[in-house]
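Beneath this line is the structure, given in structure tokens, with notes to follow.
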Amino acid sequence: IKTKESEVSLKERSDICAVPSASIVGEAMLSIEILNSIQEKFGKDSIDEILENYNNYKRYLKKV
């Protein structure tokens, strides 16, 4: 700055917070765990099986 001569500037990342990047990873992990729970509860052979078991479960909950 004092000499006012041109210099090559270094390019580096300016984000100092890892939260935005970590939130993407966290969201993906949460999606995987939610799907695992759904498959554990309602089956995982096919989408049709999952939907049928889910609909039966909703009917059961209305009775209770």
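Using this note's numbering, read the sequence shown as starting at 57 and increasing by one per residue. By construction, the Cβ of each residue, glycine as well, lies at the ideal position given by its N, Cα and C atoms.
One Cα belongs to E61, the other to S79, and the distance between them is close to 42 Å.
In the three-state scheme derived from DSSP, where H, G and I count as helix and E and B as strand, S62 is classed as coil.
By the CB criterion at 8 Å, I94 and I103 fall outside the cutoff.
Here the alpha carbon of E89 sits roughly 47 Å from the alpha carbon of V64. Distance between N92 and E68, taken at the CA atoms: about 39 Å. CA-to-CA, the gap between S87 and L66 works out to about 38 Å.
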